[in-house]
Amino acid sequence: MFLDNVFGNIWGLFALFTLIPFIIVYLIRPKPKDKVIPSLMFLIKKDRKMKENSFLKKLLDNLLFLIQLLVILLLAFSVASPYFKATVDISAEDMVIVLDASASMDTKDNGDTRFEKAVKLIKKDYLSGKNTIILAGNIPEILIQDGTTKGAIDALNNVKQKHTTTNLGDAMMFGADYLETNKGMIVVVSDFINSETDPITTKNALESKNIKVEFVDVSGEAENIGIIDLIIDKDTTIMHIKNFNDKEEEIKISVKGSDEKITIAPKSAETFSFPTPKGTTEIKLDIKDDFSIDNYAYISTPSDEKTKVLYISNKPLDNLYYALTSSSRNSVETVVPPIVPKVNHDIYIIKEVDVDLLLPETIREIGESVEKGSSFIIVMQNDLFDIDFKEILALEYLGRNDAGSYVKVEQINSFTRDVEFGSTKKYLKTKVKGDSVVITSDKDGYPLITYSKLGLGNVIYYGINDAESEFTLSPTYPIFWNNLLEFLLDRDSIKSLNFMADQTISGKNIDTTGIHDLGTKKVAVNLLSEKESDVSKTESIEKQDIRTDENRFERKVPVDLDTYFIIIAIVFIMGELLYIKYRGDF
Numbered sequence: 000m001f002l003d004n005v006f007g008n009i010w011g012l013f014a015l016f017t018l019i020p021f022i023i024v025y026l027i028r029p030k031p032k033d034k035v036i037p038s039l040m041f042l043i044k045k046d047r048k049m050k051e052n053s054f055l056k057k058l059l060d061n062l063l064f065l066i067q068l069l070v071i072l073l074l075a076f077s078v079a080s081p082y083f084k085a086t087v088d089i090s091a092e093d094m095v096i097v098l099d100a101s102a103s104m105d106t107k108d109n110g111d112t113r114f115e116k117a118v119k120l121i122k123k124d125y126l127s128g129k130n131t132i133i134l135a136g137n138i139p140e141i142l143i144q145d146g147t148t149k150g151a152i153d154a155l156n157n158v159k160q161k162h163t164t165t166n167l168g169d170a171m172m173f174g175a176d177y178l179e180t181n182k183g184m185i186v187v188v189s190d191f192i193n194s195e196t197d198p199i200t201t202k203n204a205l206e207s208k209n210i211k212v213e214f215v216d217v218s219g220e221a222e223n224i225g226i227i228d229l230i231i232d233k234d235t236t237i238m239h240i241k242n243f244n245d246k247e248e249e250i251k252i253s254v255k256g257s258d259e260k261i262t263i264a265p266k267s268a269e270t271f272s273f274p275t276p277k278g279t280t281e282i283k284l285d286i287k288d289d290f291s292i293d294n295y296a297y298i299s300t301p302s303d304e305k306t307k308v309l310y311i312s313n314k315p316l317d318n319l320y321y322a323l324t325s326s327s328r329n330s331v332e333t334v335v336p337p338i339v340p341k342v343n344h345d346i347y348i349i350k351e352v353d354v355d356l357l358l359p360e361t362i363r364e365i366g367e368s369v370e371k372g373s374s375f376i377i378v379m380q381n382d383l384f385d386i387d388f389k390e391i392l393a394l395e396y397l398g399r400n401d402a403g404s405y406v407k408v409e410q411i412n413s414f415t416r417d418v419e420f421g422s423t424k425k426y427l428k429t430k431v432k433g434d435s436v437v438i439t440s441d442k443d444g445y446p447l448i449t450y451s452k453l454g455l456g457n458v459i460y461y462g463i464n465d466a467e468s469e470f471t472l473s474p475t476y477p478i479f480w481n482n483l484l485e486f487l488l489d490r491d492s493i494k495s496l497n498f499m500a501d502q503t504i505s506g507k508n509i510d511t512t513g514i515h516d517l518g519t520k521k522v523a524v525n526l527l528s529e530k531e532s533d534v535s536k537t538e539s540i541e542k543q544d545i546r547t548d549e550n551r552f553e554r555k556v557p558v559d560l561d562t563y564f565i566i567i568a569i570v571f572i573m574g575e576l577l578y579i580k581y582r583g584d585f
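All letters in the sequence shown, in the order written, are residues 0 to 585 by numbering that gives the first Met the number 0.
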């Protein structure tokens, strides 16, 4: 119905019926009668002639009626809630800017990097009164929320680029959460070299929720040769290098002052291997291209420092000793009580000692060393609890078990994982005290291997009777012992020293490549991403089939007119009062 498109309350039109009594009163009002007075006849004739010739005078005679009629019409229509529909762009309600800060944005383009180009574009064309800017890397990060134009410019002037892979999709979803309503706009400024969630898929998902997405592509043609993978083990490192260009390239590789040249075919990758250097190392591709981050790789390896082990025993050397010496990283010193040299080792082990020959002073010195950070391994023997360990051994002796039992793993960790302990006989039944942790136990729950802290150091009780167990013959026996020493020393491995950019390392997020000193260790951080290094992308995202239906973000919204009608009516009422005053009626 036509009236439904003009009035919100059609029943309000019944207020127009107030015009009926108004018009009736106007029609039946008494009109003045003319009487002829001879002495004034000449004046009346002259006045009649003036009235007949004055249209304005006639209009003024009915002006009060017209004003009152308009006031009644305006008030009556305002009751009916008049409105009209206006077309508005709902995407203009709020806006979020997603700025790609990933490694590929460091690509040079006519002197500037793509990142610098993107920042300039945002400051020039995309800032508004309220700005939320999200940095897109591997993990999205908010740069500024609901900031002013000046605040956004200050933030952009100080923003630092990351050396990470790209996840535009997550950044777009993250940005959508900051829109005050579910209607707004996201501007993505990027080179669209995406290595994670597809931005086009995310764009379609957001636009289905009435969130408009605009892509601003700052990519372009570029040349690049880069390191895309690095496989490091203790002896050899294998590096994968890719030529993204359309022509064959010869490059020089520099490692620890040694240079070597290799040739790589177009759009191909080559491997380059070399002995793994000790400590920290920078690897460099001596080339000039448009993307320099992947021209460098970094390696960090554990130091060659040996673990000093003091092996205390009154018995001949056995499988435990040979398991310890099987690793070149262990320097094992054997002593026979009562003669024990100066205590200054990383690990202390007592096994099958003569209780009468083991001096209390030796136990005291070992305890003091453990409190400062060393580790003490106490191996089961029948008269073990005749030794006065003071507070070192957090176990209570309960008796012996000669029947035997299988060994049950209670805690799976770096030294018990994938280890089959088998069964054992003739061991001690004990009970843990304090904060001691049971690592393995027998079938009845009695501890066989325990771990406890003493000051800054560690104490291990090894309760498996090696003489009555097949575990000593297992190939995992030496692995178990060497892994246990690694655990006690908290020694770094190659894996714990080499990371990808944007990983959390020791509670710190590192998003730039290079060698980073964390105080207790130096770690290597690399990009190593074939997708991120493929900066020679020539197809613009704008050329892909991602056209936005602009009509989707246009809505016809009602604009109420009742307030305007009432204001106009009040103006007419004020005019009516002025007219009456002018006419002299009061």
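No residue lacks a Cβ here, since even glycine has one placed at the ideal position from N, Cα and C.
It should be emphasised that the depicted structure is a prediction, and the values quoted were computed from it without experimental measurement.
Cut-off 6 Å between Cβ atoms - residues of its own chain near residue i, not counting five sequence neighbours on either side
{"i": "Phe290", "result": "Thr106, Asn223 and Val534"}
{"i": "Phe76", "result": "Phe564"}
{"i": "Pro337", "result": "Leu356 and Leu358"}
{"i": "Thr562", "result": "none"}
{"i": "Thr511", "result": "His162"}
{"i": "Lys521", "result": "Thr279, Ser299 and Ile514"}
For residue i, three-class secondary structure by DSSP
{"i": "Thr361", "result": "helix"}
{"i": "Ser642", "result": "This structure cannot speak to residue 642, because the chain is shown only from 0 to 585."}
{"i": "Arg490", "result": "coil"}
{"i": "Val217", "result": "coil"}
{"i": "Pro276", "result": "coil"}
{"i": "Ile572", "result": "helix"}
{"i": "Gln502", "result": "strand"}
{"i": "Ile286", "result": "coil"}
{"i": "Asp510", "result": "coil"}
{"i": "Met379", "result": "coil"}
{"i": "Ile298", "result": "strand"}
{"i": "Pro446", "result": "strand"}
{"i": "Ala102", "result": "helix"}
{"i": "Ala523", "result": "strand"}
{"i": "Thr471", "result": "helix"}
{"i": "Ser399", "result": "Contrary to the premise, residue 399 reads as Arg rather than Ser in this sequence. Arg399 falls in the strand class under three-state DSSP."}
{"i": "Val418", "result": "coil"}
Backbone CA spacing between residue i and residue j [nearest angstrom]
{"i": "Ala523", "j": "Ser272", "result": "18 Å"}
{"i": "Leu205", "j": "Val570", "result": "48 Å"}
{"i": "Leu229", "j": "Lys530", "result": "15 Å"}
{"i": "Arg416", "j": "Ser440", "result": "15 Å"}
{"i": "Asn166", "j": "Lys129", "result": "25 Å"}
{"i": "Met573", "j": "Leu560", "result": "20 Å"}
{"i": "Ile438", "j": "Ala500", "result": "35 Å"}
{"i": "Asp288", "j": "Thr200", "result": "32 Å"}
{"i": "Ile346", "j": "Val378", "result": "13 Å"}
{"i": "Lys432", "j": "Ser302", "result": "37 Å"}
{"i": "Glu549", "j": "Ala151", "result": "With a pLDDT of only 49 at Glu549, under the threshold of 50, the placement of this residue in the model should not be trusted; the figure read from the coordinates follows. One C-alpha to the other measures close to 27 Å."}
{"i": "Asp99", "j": "Val187", "result": "8 Å"}
{"i": "Phe243", "j": "Thr147", "result": "42 Å"}
{"i": "Ile376", "j": "Lys283", "result": "45 Å"}
{"i": "Ser127", "j": "Asn193", "result": "27 Å"}
{"i": "Glu409", "j": "Leu447", "result": "10 Å"}
Buried or exposed (CB count within 10 angstroms, at least 16 for buried), residue i
{"i": "Tyr396", "result": "exposed"}
{"i": "Gln144", "result": "exposed"}
{"i": "Leu65", "result": "exposed"}
{"i": "Ala402", "result": "exposed"}
{"i": "Thr361", "result": "buried"}
{"i": "Thr519", "result": "exposed"}
{"i": "Gly398", "result": "exposed"}
{"i": "Asp382", "result": "exposed"}
{"i": "Lys241", "result": "buried"}
{"i": "Val331", "result": "buried"}
{"i": "Ser207", "result": "exposed"}
{"i": "Leu323", "result": "buried"}
Sequence-distant residues of the same chain with beta carbon closer than 7 Å to residue i, five excluded per side
{"i": "Ala170", "result": "Val97, Ile133, Ala135 and Pro139"}
{"i": "Asn482", "result": "Ser413 and Phe414"}
{"i": "Glu115", "result": "none"}
{"i": "Ile231", "result": "Thr275, Ile298, Ile493 and Asn497"}
Chain-order list of residues whose beta-carbon lies under 8 Å from that of residue i (same chain, five-residue window excluded)
{"i": "Pro315", "result": "none"}
{"i": "Ser422", "result": "Gly403, Ser404, Tyr405, Val406, Ser468 and Glu469"}
Below-8 Å beta-carbon distance, residue i vs any chain D residue
{"i": "Gly128", "result": "Protein chains in the displayed structure number just one, and chain D is not present."}
(message) I'd like the ranges of any beta strand (DSSP E) spanning at least 3 consecutive residues and lying wholly in the region 315-351.
(response) Given a length threshold of 3 residues, each whole run of the beta strand (DSSP E) inside the region 315-351 is given here in chain order: 329-334 and 346-349.
(message) Please give the ranges of any beta strand (DSSP E) in the region 236-272, keeping only runs that are unbroken, at least 3 residues long and fully inside the region.
(response) Contiguous beta strand (DSSP E) elements confined to the region 236-272 occur at 248-254 and 257-263, taking only those with 3 or more residues.
(request) May I have a chain-ordered list of the beta strand (DSSP E) segments no shorter than 3 residues that lie completely inside the region 162-231? (result) Here the runs fully enclosed are 183-189, 210-216 and 224-231.
(message) Report the start-end ranges of each alpha helix (DSSP H) in the region 115-165 that is 4 residues or longer and not cut off at the edges.
(response) Scanning the region 115-165 from its first residue to its last, the whole alpha helix (DSSP H) runs of 4-plus residues come out as 148-157.
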